[in-house]
Structure formats: structure tokens, C-alpha cells
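Everything below concerns the one structure shown next.
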Ligand SMILES: NC(=O)c1ccc[n+]([C@@H]2O[C@H](COP(=O)([O-])OP(=O)(O)OC[C@H]3O[C@@H](n4cnc5c(N)ncnc54)[C@H](OP(=O)(O)O)[C@@H]3O)[C@@H](O)[C@H]2O)c1
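In the numbering used here, the protein residues as written are 13 to 249.
Here you go:
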């Protein structure tokens, strides 16, 4: 049977590269990215969505109607900075509206997509799901402080994924979920923060995409969430 792959957030640097890598490995790849219209078939298995609840449901239904079993799901959405805001460096910079926006996009939205695809994943042979997290979401690893909302949104994402992996262990024992840290990758998200990055440590998206797609093929089924970096090494929560 055709193996299907879905990349949500495929308009971003990492999402686009992951979609390309999955296509190179012969998956029937469906991509989803943001648009102003609720849902549109943007051609060639590309879906445009406004990420509203009804749009998410409609995109998932449309993909479910295409041939193949959903064996790979990668959710790449995430923001660190935006119009009028940068990551906080001090407590006084925490802004409730900004924090809520970051939590909505980094924590809630990926879980909405995962929930919407859960029934397709339940029927899959050996499904592998990766959600883009970040090492700065590790509570144990936080020695520098700052970046309150981004760090907390990724820590909360990891907790939600942990609960989801407990649920998947009952729903489909062959499924494996990964909270993935890609390293520092040369995309719009990291662009303002690239100056201090050591030589050779700013990865092109294509490198990280190869690592992630390879990891999805190799990783065993553990029945538990894996929090892994681009090198396949575990990160403490
Ligand atoms: N780059 C790094 O160094 C780095 C390091 C650690 C973790 N990460 C994580 O990797 C993931 C991908 O980031 P990237 O580096 O590829 O950044 P990017 O090129 O800026 O891509 C941003 C991603 O977030 C989504 N997004 C942006 N604004 C959004 C909004 N208002 N509503 C919903 N989705 C929105 C985009 O979705 P559309 O495709 O729909 O536009 C896209 O998937 C993020 O979760 C990020 O936290 C990146």
C-alpha cells in the first residue's frame, strides 16, 4: 500500500525541507501551510488552511480520502519572534497577549493537528510522528533563563506529547511519537539570533530534514515519548 506522509507547517524553512526529503524517499507527501482562506486545495497534494478548527477537520478529511496509510506525520509550526515582539530577556517584558499567541501556535495548534490525525494514525502500520520542539523547552537544561514564553510553550508541548504518547500506547502500539530538537537551523525563526552561533553549528534545513526523516525510519517503538535532538541523542525533560 502507498505510504502517505503529511507535513503541517510546510511553508517554513524546516517544514519545506522535510517535505522535500520525504518526497525523495517515495512517500506520497501532503503538505499544509497557512492561508487566509479557511481551506483550499492548492494543487499537487498541497493544502492551504487558516488553521481554524473547521479548516483542520476539513483538511484532515480530504487527506484521509486519498489512497495510502498515514505512516509519517511531521508538525513544524512554531514562532519565536514576530511583529512587535522578541523573546523576553526579563520578567517585566512578559506580555500576556504575546504569550498567549506563542502558546496557541507552539503548543495548542500542533496538538489540534495531532488529535485530528489520530484516527488515521490508529490504522497505520508503523506510524512515526515528529513534532518540532526545541532544546530550550528542557526545564533541566535551562541555565541561561529568559525566552519565557517560547521556553514554556515548548515545555508545555513536550508535556502534551507525553500524554499523547500514553494514549497512543493504548490506541496503536506500533506508533512512536518524537519531540524533536533540530539544532540551530538557518531559517527566518533563528535569523535574528544567528550571530553567536559557533562555526559549523548553523545547519541548513536540508541537513536537518535528512536527519529527521532518517530518524523516523530508524527509531524503534518504545511506547513512550522520545525527546531527541538532530543527532538522535535524548534530551532531559
Ligand atoms: N530554526 C531553528 O533554529 C529552530 C530551533 C529549534 C526549534 N525550531 C522549531 O522548528 C520549527 C520550524 O521552525 P523553522 O525554523 O522552520 O521556522 P520558520 O521558517 O520561521 O517556519 C515557521 C513555522 O511556523 C509556522 N507559523 C508561523 N507563523 C504562524 C502562525 N501565525 N500560525 C501558525 N503557524 C505559524 C509556519 O507555518 P506555515 O508553513 O503554515 O506558514 C512554519 O511551519 C518551529 O516549531 C521552531 O520552534 C527551530
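C-beta atoms are modelled at their ideal positions from N, C-alpha and C, and glycine is treated no differently.
- With a threshold of 16 other beta carbon atoms within 10 Å, residue 199 meets it and is buried.
- Counting other Cβ atoms within 10 Å of its Cβ, residue 179 stays below 16 and is therefore classed as exposed.
- At a threshold of 7 Å, residue 248 does not count as near ligand 1, since its beta carbon sits no closer than that to any of the ligand's heavy atoms.
- Residue 125 carries a helical assignment under DSSP once its states are collapsed to helix, strand and coil.
- Around the beta carbon of residue 43, 16 or more other beta carbons lie within 10 angstroms, which makes this residue buried.
- Taking a contact as a CB-CB distance under 8 Å, the pair residue 237 and residue 189 counts as one, their CB atoms being some 5 Å apart.
- Pairwise C-beta distances place the stretch 82-89 in contact with the stretch 117-126, as three or more of them are shorter than 8 Å.
- Within the chosen limit of 7 Å, ligand 1 reaches the beta carbon of residue 26 through at least one heavy atom.
- Its chain contains 40, 79, 80 as the residues whose beta carbon lies nearer than 7 Å to that of residue 14, once the 5 sequence neighbours on both sides are disregarded; these appear in chain order.
- With contacts defined by Cβ atoms closer than 8 Å, residue 192 and residue 142 form a contacting pair.
- Of the candidates 51, 159, 75, 159 places its Cα closest to the Cα of residue 115.
- Contact fails between the stretch 16-28 and the stretch 93-107, because fewer than three Cβ pairs, one in each stretch, are under 8 Å apart.
- Within the model, the alpha-carbon separation for residue 224 versus residue 217 is close to 10 Å.
- According to the DSSP assignment, residue 53 belongs to the beta strand (DSSP E) that extends over 51-53.
- Nearest to residue 46 by alpha-carbon distance, out of 206, 20, 107, is 20.
- Just so you know, the alpha carbons of residue 133 and residue 139 end up roughly 6 Å apart.
- Between residue 71 and residue 182, the alpha-carbon positions lie close to 26 Å from each other.
- The criterion of a C-beta distance shorter than 8 Å is not satisfied by residue 239 and residue 165.
- For residue 205, there is no enclosing alpha helix (DSSP H), since its DSSP letter is neither H nor E.
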